[in-house]
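Protein chains in written order, with the working numbering: chain A, 782 to 1436; chain B, 4 to 166.
Every residue gets a Cβ at the ideal spot worked out from N, C-alpha and C, and that includes glycine.
In this text the structure is predicted, and so the values were computed from the model without any measurement.
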Amino acid sequence: MREEVAEAALDLIQVEYEILPAFFDPMQAMKPDAFSIHPGGNIAGGKPIVLERGSVEEGFAQAERTFEGTYTTQVHCAAGMEPRVALAQWDGDFLTVWKSSRGIHMLDRPALARGLGIPAQQVRVICPAMGGGFGSKDETRMGTLTALLARKCGKPVRMEYTRQEEFVAGRTRHPSITHLKVGIGRNGEITAIHARTIMSKGAYMSSGSAVIRRCGQGALYLYQTPNAKFEGTLVYTNVPPAGSYRALGAPQGQFALEVHMDKIAEALGLNPLEFRRRHHVKPEGQPGRRLTPPGELVSDQPVEGGIPFSSNRLSECVRLGSRAMGWQRRWRPPNSSPGPKKRGLGMALGLYRGGLAQKAGAEVEARLDGSVEIRVGTIDVGEGAFTTLLQIGAEALEIEPARVTILGGDTATTPEAPVTSGSSTTFSMGTAVQQAAATLKERILDRVCAQLGADRENVKWNKGAIQMNRPTKKTVAWKQALALLSPEERRVRLAIQPGSTEFVINSFAAHFAEVEVDTETGKVAVVKYVAAHDSGRIVNPAAAQNQVEGGVMQMLGYALTEELLVDPKTGIPLNGNFLEHKVPVIVDLPPLKTIFVNAPDPAGPFGAKALGEPPSIPVAPAISNAIYNAIGIRFQDLPITPGKILDQLPLKGRG
Amino acid sequence: MKIKKRWKVFFLINGKRRSLTIEPHWTLLEVLRDQLGLTGTKKGCDRAECGSCTVLLEREPVYSCQVLAVQARGQRITTIEGLTRNGKLHPVQQSFIDHDGVQCGFCTPGFVLTASAFLDRTRRPTPDQVKQALSGNICRCNAYVKIIESVLSASKRGKRIRD
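In structure tokens, the structure reads:
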């Protein structure tokens, strides 16, 4: 059946609507007497999440000066190039669903089994490839809807979003309002950081609780202080529903924090670089006492102090990044360039989780023809995870990568694996693949030694071939060695629990931007951008650079142009398309330099840490701070459009 | 006036003559994907914004979502499936692989075809010329740095495309 027939049929459905009160502004929706969108009021969970280390009350009592500010961010759409799609087919009681997904094992399969009332063993979910997800394609509803329709009509059913639906009914980045209060003591130390964020959710929860939690991590952990508190309130509204989008709430929270810290640095008479160098969190972590019992896994989004990082090269990020930008030599006080085009430098730091994840399984099988297949239940969402995992498997087996293939994205052929989320794939799945491959290598060595009557000390592994030195010199070729193992022995399937009981595992970044603000048009040109990252050892340099370059560029759109406008009277989105949402295109690309500290992390597979989301975090504050440095005006509301800039300029005198 | 409901047409797709019956309102994109199974041509927006559906019509890049299939009858069409010759990748394809000019890959067919037509006309482009030539294609992964590297490197291979 053609799409146009389905559309004509949809037009025949008559819907009667009961008109209820609706809220497009979270401040209205959260009033105690407001009409409830869901039973139980419009504050999700009934109350804000509150996380505190030490006591901010005591911290502010010790402060000599306090600084307060409010920061707001917009609705932002992920808008992957491929609109989301699902196709369901029944074969008797067995269901197969092909769909856009970032969690076939942990999200789609259980949701389908629950929704349709069938055992999970009768559900197969396949996501062979993703046309860009950026975290947003984690809903399970399209699978359930197509499965129900397919059951009803006895034929396979496919459902696909149009581009407009992708903008409106896909999941957006939560808009936010953050109020920050920071106390500074007599010696310039930070005595307390208190952040309160309100996010508008739309009418559905989606991944909101994870989003608001991640929003607080910057305030709780990026700067050294004994007292930090985050209060996050998720409010149900009737705007397009928000959900997961690259780094969840971190870009919103750290935009507020990093613009605020810039203001404090200036008030204290310190260069923004120097202030951050003094106060950012160091390898030993936050002051305070560990609360996690010994031997238990440490959170990678901790609140407590007293736990060191597995590695923290933020100082190197700052040093290398500022040097590449020429910061020391080129930084001038705000509004010092003559104009009408004024240049300025800005910077921002970022930290992000990436060590803990759900149990991660992997399977590695060597075949008699000498090929090796790695099977993982995760999905390559476009970031190149499969290449990276393949490299890790080949490295652990110490064989040529060309011999190895990787299979993923199918619940029928792969072991259970976590959702592709939280930038955790390299760390969690990489560890699983590394251990499975290493186990296989040990098995092969053991078997060959037994066959030859050799001791393990007297054999050498050389790209899969095994060389015996004593008692006689002999080489067993890779394929010969494999032939000694049974089919079961040639296959290793294992699962690991990613994480650390001793360390906080985080990734770090320092970004530096140079902008040119045209004070006659309000237009901002990014003239130079430097992104310095600590993501441990870089496994695949080209893919890693691509992640940083792509993340920075995507968030330059967030900083300067992109926004889904929602009619404040009707809640109807006004610009659900690429053109008017103003996504960056290739001509907007600034000269962009990526720096990796590239120092191995002791906990990660071959020293690797998280990378996918961190590049998106420091971009908007670095740009806002650079605009301030250029024209002396603070922008605390994203995106910083030419209109907003022109509105502010007359007050300060143009040119 | 009577509107013809069905058209018997042929196209020269990737060097092969393909005859089929189409309806007058079908776009070239729909015919390529749904009638001919050439799914390398992607539907990203269906409204001339993203360039994922780019194909070459008489060697010129067009958004196939904006071309009615009847308009293209009898003409030479190159899709991404037709860029490989005798199992050998086109220099632009090879260059996108060598330089990692890809993240999720959804926009890649459109970028590769646009770039191949551009390099046919422009032998030694500057980075700015490459940017201008590709400004009608969107990559939401924003792999633009590596896309530009890929196209510049392909231009140095100095090979032109011919049907």
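- Contact between the segment 960–979 of chain A and the segment 1022–1035 of chain A is present: three or more C-beta pairs spanning the two stretches fall below 8 angstroms.
- In the assembly as shown, residue 795/A is an exposed residue. Its beta-carbon has fewer than 16 other beta-carbons within 10 Å.
- Here residue 1232/A is exposed: its Cβ has fewer than 16 other Cβ atoms, across all protein chains shown, within 10 Å.
- For residue 958/A, there is no enclosing alpha helix (DSSP H); the residue is found in the beta strand (DSSP E) stretching over 957–965.
- Within chain A, no residue has its beta carbon less than 9 angstroms from that of residue 70/B; the closest one is some 18 angstroms off.
- Closest in C-alpha terms to residue 973/A, from the list 843/A, 1412/A, 1306/A, 1348/A, comes 843/A.
- For residue 854/A, no chain B residue has a C-beta closer than 8 angstroms to its own C-beta; the minimum C-beta separation is roughly 19 angstroms.
- Look at residue 1354/A here: in three-state DSSP terms it is strand.
- Shown here, residue 988/A sits in coil according to DSSP, grouped into three states, outside any helix or strand.
- Taking a 10 Å sphere around the C-beta of residue 1420/A, we find 16 or more other C-beta atoms and assign the residue as buried.
- An exposed status is given to residue 27/B, since fewer than 16 other beta-carbon atoms sit within 10 Å of its beta-carbon.
- In the structure shown, residue 975/A falls within a strand segment according to DSSP collapsed to helix, strand and coil.
- Of all residues in the segment 1314–1337 of chain A, only 1323, 1324, 1327, 1330, 1331, 1334, 1335 place a beta-carbon less than 7 angstroms from a beta-carbon of chain B.
- With respect to the C-alpha of residue 1250/A, the residue from 1259/A, 1258/A, 1240/A, 1244/A having the closest C-alpha is 1240/A.
- Residues of chain A whose Cβ lies closer than 9 angstroms to the Cβ of residue 148/B are, in chain order, 1326, 1327, 1330, 1331, 1334, 1370, 1373, 1375.
- Taken atom to atom, the span from the alpha-carbon of residue 59/B to that of residue 119/B is near 9 angstroms.
- Per the C-alpha coordinates, the member of 815/A, 1098/A, 792/A positioned closest to residue 803/A is 815/A.
- Per DSSP, residue 877/A is one residue of the beta strand (DSSP E) stretching across 875–880.
- Think of a sphere of 7 angstroms around the beta carbon of residue 17/B: no beta carbon from chain A falls inside it, the nearest being about 22 angstroms out.
- For residue 1011/A, the three-state secondary structure derived from DSSP is strand.
- The continuous stretches of alpha helix (DSSP H) do not include residue 1288/A, which lies in the beta strand (DSSP E) extending over residues 1288–1299.
- The shortest CA-to-CA distance from residue 1064/A to any of 1418/A, 1382/A, 1041/A, 1401/A is the one to 1382/A.
- Residues of chain A with a Cβ closer than 7 angstroms to the Cβ of residue 144/B are, in chain order, 913, 1163, 1331.
- A contact is defined here as three or more CB-CB pairs under 8 angstroms, and the segment 1367–1384 of chain A fails this definition with respect to the segment 830–838 of chain A.
- In the three-state scheme derived from DSSP, where H, G and I count as helix and E and B as strand, residue 15/B is classed as strand.
- Fewer than three pairs of CB atoms, one per stretch, sit closer than 8 angstroms, so the segment 1285–1292 of chain A makes no contact with the segment 1353–1372 of chain A.
- When 8 angstroms is used as the limit between beta carbons, residue 860/A is near these residues of chain B: 143, in chain order.
- Chain-order list of chain B residues neighbouring residue 1160/A: empty, with the shortest C-beta distance near 11 angstroms, by a criterion of under 8 angstroms.
- Excluding sequence positions up to five before and after residue 1278/A, its CB lies within less than 7 angstroms of the CB of 1140, all in the same chain and listed in chain order.
- With fewer than 16 other Cβ atoms inside 10 Å of its own Cβ, residue 934/A counts as exposed.
- Neighbourhood of residue 1379/A in chain B, by CB distance below 9 angstroms: empty, with the nearest CB roughly 17 angstroms away.
- Every beta strand (DSSP E) of 3 residues or more that sits fully in the segment 869–918 of chain A is shown, in chain order, as 875–880, 904–907.
- DSSP, reduced to helix, strand and coil, places residue 867/A within a strand of the structure shown.
- Minimum Cα-Cα distance from residue 1078/A among the listed residues 849/A, 1280/A, 1099/A corresponds to 1280/A.
- Across the set 1196/A, 840/A, 1416/A, 1173/A, the C-alpha of 1196/A shows the shortest separation from the C-alpha of residue 1275/A.
- Between residue 1364/A and chain B, the shortest Cβ-Cβ separation is below 9 angstroms.
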